[in-house]
Ligand SMILES: Cc1ncc(COP(=O)(O)O)c(C=O)c1O
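This is the structure in structure tokens:
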């Protein structure tokens, strides 16, 4: 028998050049032809762990160069701090160089294989379409579009992070920004002009609401707030901007089916910060599209592991990359990912690429770029995204369940609870964080074999304190494990009194505490919070020794019962 054949018979790898990713078949996983695997795609876990470079190492191995770290053999990409790039001057011209980064190497196409079992990124819409992504259609054209000239429009370090994000979301392209809010304002610049309307959730990250309501209105853009839990409210905001009952325009002035045509942007945030209300992305995006509005979904809290709005019909996905994507509370960054061009039923291609082009120009002209060091940190943070998110979701779900019956907690807001009004929609539209991963990974974490059923609902939840606003604020000063601080999505757990941060215009209940669950042990987190809730409750509500004693007894019995 040939050596290779013998090795195959023993189940060993006969592709000596297959590289590190190829040699990681886990027991129980279907065996995959390694050459195919390198050619066709990898699981999300592998792509993230290797920072998007998996499958792009030919130059690295052959010593020919091409991969960012090829010159030295470094397995971590370098940072490109240079603000400018030397041209290739000659007597005949003054040419720009073209960067050889993964933007030109098609991370997307490489990672969207046909197989639907374990090793893929992408869903039914993206699978099989990988030959047609704009990045790989015409390499020469792409190079022309992304020459290296100056770091405000383009920089090789952030291009790598963008490629990974576009792959994860199943989008055509991604753009990084200097912050989440810079990404929000670029979307507004790209979609709205004076006289247009934006439909924005009443309940969303407060600075986004204030930006549209107060800031965009200065420039003649009308902002209408909707409540995603009130049936028909979103649709009215998109179609008419007002409650139709209060609309005094005649039928001639407004087409009742298509609305007034003024809404050009529907903003969705699901689940919404900090009460975690759920919006049905598919139906909202379809409604907006039919009325000429672009839908942008802020998916900061779910990350592409738990929900991919582009596959549900949204046009743009926005992330505060400051949060889960980076995950270590040491970078402020934003990202927008755009869908592929869609052809409508009548066969005509829509105007979406123009929106994307305007977005990139908004970043370049607005100067809202991310620094190369921050982009590098973001890429490093994303390499553990899958591991962090799964752990954070599991702990958040455990805490939500326990806190539900805590005597000092009046309500728990967490879409993973079956009692949550948005639970069914969340379950239907969110993906399992295991659906793109190996079965071994799923089993180790949850004990179940049925990966596709393992829906998770994020690492964010809120509780309302029985003792009201004072008890809530007091609780934040009594925790020892939870940091009382703003932001979310980091490895350390944070507790925050949102009403204080959002100010008087906020509709957030005064007794609400927002919890961002980190990577600490669930028992430590519960014990610490429970203790702080009891103590705050005792101090605020029951100054007398008799009540203190009663509370101490309840606390002790709760702890004994654990
Ligand atoms: C859901 C959500 N969207 C957007 C933002 C704004 O992001 P950044 O702070 O990175 O500008 C935040 C920040 O907290 C957020 O939580």
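Numbering (the numbering used here), first residue to last: 921 to 1482.
We treat Cβ as the ideally placed atom computed from N, Cα and C, and that holds for glycine.
Straight-line Cα distance separating residue j from residue i
i: residue 1012; j: residue 1103; result: 40 Å
i: residue 1335; j: residue 1377; result: 6 Å
i: residue 1474; j: residue 1327; result: 9 Å
i: residue 1477; j: residue 1409; result: 33 Å
i: residue 1433; j: residue 994; result: 45 Å
i: residue 1144; j: residue 1188; result: 13 Å
i: residue 1198; j: residue 1226; result: 14 Å
i: residue 1106; j: residue 1287; result: 10 Å
i: residue 1280; j: residue 1072; result: 11 Å
i: residue 1236; j: residue 1216; result: 5 Å
i: residue 1240; j: residue 968; result: 18 Å
i: residue 1146; j: residue 1160; result: 12 Å
i: residue 1389; j: residue 1439; result: 27 Å
i: residue 1068; j: residue 1015; result: 10 Å
i: residue 1437; j: residue 1312; result: 6 Å
i: residue 1319; j: residue 1121; result: 27 Å
i: residue 1112; j: residue 1208; result: 14 Å
i: residue 1017; j: residue 992; result: 21 Å
i: residue 1430; j: residue 1299; result: 37 Å
i: residue 1224; j: residue 1175; result: 37 Å
i: residue 1284; j: residue 1278; result: 10 Å
i: residue 1570; j: residue 1274; result: Residue numbering for the chain in the displayed model covers 921 to 1482; residue 1570 lies beyond these limits and cannot be assessed.
i: residue 1423; j: residue 1415; result: 17 Å
i: residue 1003; j: residue 971; result: 23 Å
i: residue 1451; j: residue 1399; result: 8 Å
i: residue 1221; j: residue 1243; result: 8 Å
i: residue 1148; j: residue 1381; result: 18 Å
i: residue 1203; j: residue 1314; result: 29 Å
i: residue 1349; j: residue 1151; result: 18 Å
i: residue 1156; j: residue 1413; result: 38 Å
Range covered by the alpha helix (DSSP H) that runs through residue i
i: residue 1240; result: No alpha helix (DSSP H) contains residue 1240, which is instead part of the beta strand (DSSP E) from 1236-1240.
i: residue 1087; result: 1076-1089
i: residue 1309; result: 1305-1323
i: residue 1201; result: 1201-1210
i: residue 1109; result: 1100-1111
i: residue 1158; result: 1153-1159
i: residue 1401; result: That residue, residue 1401, is in no alpha helix (DSSP H); it is neither H nor E in DSSP.
i: residue 1284; result: 1272-1286
i: residue 1006; result: First-last for residue 1006: undefined, no H or E at that position.
i: residue 1446; result: 1442-1461
i: residue 1225; result: 1223-1226
i: residue 1499; result: The structure shown does not extend to residue 1499, since the chain is modelled only from 921 through 1482, so no value can be given for it.
i: residue 1346; result: 1343-1349
Contacting residues, own chain, Cβ-Cβ under 8 Å from residue i (five flanking each side not counted)
i: residue 1444; result: 1401
i: residue 1426; result: 1126, 1418, 1419
i: residue 1108; result: 1118, 1131, 1132, 1136, 1141, 1185
i: residue 1317; result: 1334, 1336, 1376, 1377
i: residue 1340; result: 1196, 1198, 1333, 1334, 1346
i: residue 1276; result: 1092, 1093, 1110, 1258
Close-in-space but distant-in-sequence residues of the same chain around residue i (CB under 7 Å, 5 per side omitted)
i: residue 1140; result: 1114, 1115
i: residue 1290; result: 1078, 1096, 1097, 1098, 1253
i: residue 1206; result: 1233
i: residue 1394; result: 1456, 1459, 1460
i: residue 1000; result: 1075, 1076, 1077, 1292
i: residue 1361; result: Because residue 1361 sits at a pLDDT of 47, beneath the cut-off of 50, its placement in the model cannot be relied upon, and the following sentence gives the value as read from the coordinates. Cβ within range, chain order: 965, 1354.
i: residue 1008; result: 1015, 1017
Enclosing beta strand (DSSP E) for residue i [first to last residue]
i: residue 1417; result: 1414-1417
i: residue 1217; result: 1214-1218
i: residue 1411; result: Per DSSP, residue 1411 belongs to no beta strand (DSSP E) and is neither H nor E.
i: residue 1436; result: 1432-1436
i: residue 1254; result: 1254-1258
i: residue 1184; result: 1183-1189
i: residue 1524; result: With the chain covering 921 to 1482 only, the question about residue 1524 has no answer from this structure.
i: residue 1117; result: 1117-1121
i: residue 1144; result: 1142-1146
i: residue 1096; result: 1093-1097
Supposed close pair residue i, residue j - CB separation, criterion 8 Å
i: residue 1435; j: residue 1386; result: No, residue 1435 and residue 1386 are not in contact; Cβ-Cβ is about 16 Å, not under 8 Å.
i: residue 1092; j: residue 1258; result: 6 Å
i: residue 1218; j: residue 1124; result: 7 Å
i: residue 1407; j: residue 1249; result: 6 Å
i: residue 1191; j: residue 1080; result: At roughly 30 Å, the Cβ-Cβ gap does not stay under 8 Å, so residue 1191 and residue 1080 are not in contact.
i: residue 1305; j: residue 1247; result: 7 Å
i: residue 1301; j: residue 1251; result: 7 Å
Residues near residue i by beta carbon distance below 6 Å, same chain, minus five either side
i: residue 1331; result: 1384
i: residue 1178; result: 1211
i: residue 1323; result: 1329, 1332, 1383
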